[in-house]
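Just so you know, the sequences run in chain order A and B.
If you're matching positions, the first sequence starts at 149 in the working numbering and goes up one per residue.
If you're matching positions, the second sequence starts at 149 in the working numbering and goes up one per residue.
A virtual CB, placed ideally from N, CA and C, is assigned to each residue, including glycine.
Okay, structure first, notes after.
Number of protein chains: 2
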Amino acid sequence: MQSKYLSAEERRQRTVEAVVALAGTQNPSEITTAAIASEMSVTQGALFRHFPSKEAIWQAVMEWVADRLLDRIDRAAEQSGSPLAALHAIFMSHIDFVIEHPGVPRMMFGELQRAETTPAKKVAHTLMKRYAERLAQKLEEAKAGGEIRDDTDTQAAAILFIGMIQGLVMQSMLAGNIRAARASARGVIGIYFRGLGAGDGRRDMQARKETKQSKKKVE
Amino acid sequence: MQSKYLSAEERRQRTVEAVVALAGTQNPSEITTAAIASEMSVTQGALFRHFPSKEAIWQAVMEWVADRLLDRIDRAAEQSGSPLAALHAIFMSHIDFVIEHPGVPRMMFGELQRAETTPAKKVAHTLMKRYAERLAQKLEEAKAGGEIRDDTDTQAAAILFIGMIQGLVMQSMLAGNIRAARASARGVIGIYFRGLGAGDGRRDMQARKETKQSKKKVE
DNA sequence: CCAAAAGTAGTAATTACTAGCTATCTTTTA
DNA sequence: TAAAAGATAGCTAGTAATTACTACTTTTGG
């Protein structure tokens, strides 16, 4: 049993977690400071001892999301044996991430569609850019390694990759079962990889890779 | 110069248009009845002579979106010479639709991510289902006609199609220029069609189609 | 014992919505 | 055909509820 008096840093951490949890069950834009306080068993006023405004809370939340998601996909990519395998691993770890935190896509959609440029939106935007950069890099590596067609439109492939996840998540959120995203993932990424010219969409692109393997450039 | 006293029906129509216009420049969940009234040069109270609640306004708006979008894609599909061409036409007319009405994707995202089941969300959900049905039908026809691989996962292909549009729209909204979606469309759909096994992703799938043309089944 | 965390009890602003009156259009009647 | 009557659209001026945020006091742990 722990004290109800926490350090400022820990309280901020708990606040972020409370928001992420709440976003899993309700529309982020309807999350009030009262609801956040209630979720973490604290009075409303206490929140403002640790954040100057609600906007600052959202910024912290989006930074949490950005850090965790990028860390996840970076680790997934590192553990992969080839650029194409890395793309596959990024995709699956992203799906796992939103299954663990169903509030995340809701928050991302909510922030990104905002018209004004809030700090939280800026963080979300930066996250998207970093994400797209990583995809572009892997796509280029895959081209160089002969894993995908080298006339692939990198920009378009990155957009489609992100859209693929969005579509999958939204579809399964609508079905009321985020976990369903995992089951549908295989079919979707199969079409995607075939679209890139990666064999029949699975990782048996090896043959094609071998023929070009001398070109081990990675950039 | 027209009167400021309109028939109830026309006033409702104007209300819907005002909301659609506002959603083009701001977060839909932040659109207040005061803002709607102001947009259509009417006092706030006047709105409630025509709608029993704000929720009813949103329902009317989503019905407007559903009717217009489905009508658009149906007409686009009808004018196409083959199922694959129809899919292409649906895609482009959808992109054109959101360029004309930039508020639409914002409203769709906003409604669909809502946790409670509001009437407006139900309408949006139904729209998605109808849309997916039409895609599935065209995909099956394309399989039967030999335009795409007949081992294509229809469900996955439909999800990816919708995600493709979502990704394109979100990306160009972030870039602050919805019209950019049109320019990026070609590359994205190219990868998609290749993923379905449709030649190199353009409409030069004709050759393959001809070889199977005896099988004119359309179901 | 004291610095920092949490509680108490407010605030002004904004929200969707309403009651009662006025302006305008439409239909009926002399 | 013109004016009165009836119907309907819009305005004015509110309401209670909810919102993010604050000043001040109390509690806690090192």
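| Item | Value |
| --- | --- |
| Using the Cβ count rule (16 or more neighbours within 10 Å means buried), how would you classify A/D299? | exposed |
| Check whether the segment 215-235 of chain B and the segment 172-179 of chain B are in contact - that is, three or more C-beta pairs closer than 8 Å. | no |
| With DSSP run on the structure shown, which of helix, strand or coil describes B/R327? | coil |
| Would DSSP call A/I205 helix, strand or coil? | helix |
| Against A/N325, what residues of chain B qualify as contacts under a CB-to-CB distance less than 9 Å, listed in chain order? | The contacting residues do not exist; A/N325 stays about 14 Å from chain B at best. |
| Identify whether A/H273 lies in helix, strand or coil by the three-state DSSP scheme. | helix |
| Can the beta-carbon of A/M240 be found closer than 8 Å to that of B/G311? | no |
| Quick one: which residues of the segment 156-181 of chain A get their C-beta closer than 7 Å to a C-beta of chain B? List them in chain order. | T173, Q174, N175 and S177 |
| If we count the other Cβ atoms within 10 Å of its Cβ and call it buried at 16 or more, is B/A234 buried or exposed? | buried |
| Closer than 7 Å by beta-carbon distance: list the chain B residues that pair up with A/F257, in chain order. | F257 and Q261 |
| How about A/E289: is its Cβ closer than 7 Å to a heavy atom in the ligand PLP? | Only the bare structure without any ligand can be found here, which leaves the ligand PLP out of the picture. |
| Determine the extent of the alpha helix (DSSP H) in which B/F309 is found, giving its start and end residues. | T302 to L322 |
| Would you decide whether A/T191 is buried or exposed? Buried here means 16 or more other CB atoms lie within 10 Å of its CB. | exposed |
| Is the separation between the beta-carbon of A/V209 and that of A/V168 shorter than 8 Å? | yes |
| In whole angstroms, give me the CA-to-CA distance for A/A156 and A/L195. | 10 Å |
| What do you get for B/R254, buried or exposed, if any count of 16 or more other CB atoms within 10 angstroms of its CB means buried? | buried |
| Measure the C-alpha to C-alpha separation of B/K291 and B/R297 and round it to an integer number of angstroms. | 6 Å |
| By the 10 Å Cβ neighbour count, where 16 or more other Cβ atoms means buried, how is B/P200 classified, buried or exposed? | exposed |
| Please report whether the beta-carbon of A/K357 lies at a distance below 8 Å from any beta-carbon of chain B. | Its pLDDT being 41, under 50, A/K357 is placed unreliably by the model, and the measurement read from it follows with that caveat. No - not a single Cβ of chain B is within 8 Å of the one on A/K357. |
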